[in-house]
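Have a look at the structure below before the remarks.
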Amino acid sequence: MVAPSCGLPILAATTSVFAYDNLFAFDSVPEVENRTLEEIHKAALAEGGVVTCWHGGDEPNQQGFLKQLFEERFPGMTLNITVDLSKYHDGRLDEQLANSNVHVDSVILQTLHDFPRWENQGALLNYAPLGFDAIDGAYKNAATAAYYGVYHLA
């Protein structure tokens, strides 16, 4: 898991509110980012420069372009990205949380129903990135900044 100082959100599943809130010690008040991407990049390099992301999809190499663009934009960083069906990633995350052994930094899933559940269980970092106020209210939880939706066409 990337430490909050790096500013990268973790999206994680859980089965027990109290167990995982204590595990991560997330504050219920949103962490509002005020650093630039360059400052976050520098902090991430100091923490080891590796981000682990699980992305929903059908093909293992489906997000190769994301890895390439990320690593070009943030020299010295490594993006370990695993693509699999969202319905499998969410179960794996639940299992990691149950075992207090989370090793994924971020998940990008199509199973939208998971995010409100995870928020209610205290397993999401309440993190508002720069520009969060510009995201339409229909695509975010403005009160907690626990999750926000993105729709893109490739």
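Residue numbers (our numbering): 3 to 156. Beta carbons: idealized from backbone N, C-alpha and C, even for Gly.
Distance from the CA of T146 to the CA of E35, rounded to the nearest whole angstrom, comes to 13 angstroms. Assignment of beta-bridge partners to K142 by DSSP yields Y150.
When only Cα atoms are considered, N122 and Y141 end up about 17 angstroms apart.
Taken in chain order, the whole alpha helix (DSSP H) runs of length 4 or more contained in the stretch 104-142 are 116-122. Collapsing the DSSP output to three states places G78 in coil. Annotation note: the stretch 34-85 contains the following uninterrupted beta strand (DSSP E) runs of length 3 or greater, listed N- to C-terminal: 52-58.
Counting the other CB atoms within 10 Å of its CB gives A136 a total below 16, which places it among the exposed residues.
With a cutoff of 9 angstroms on beta-carbon distance, Y90 and L126 are scored as not near each other.
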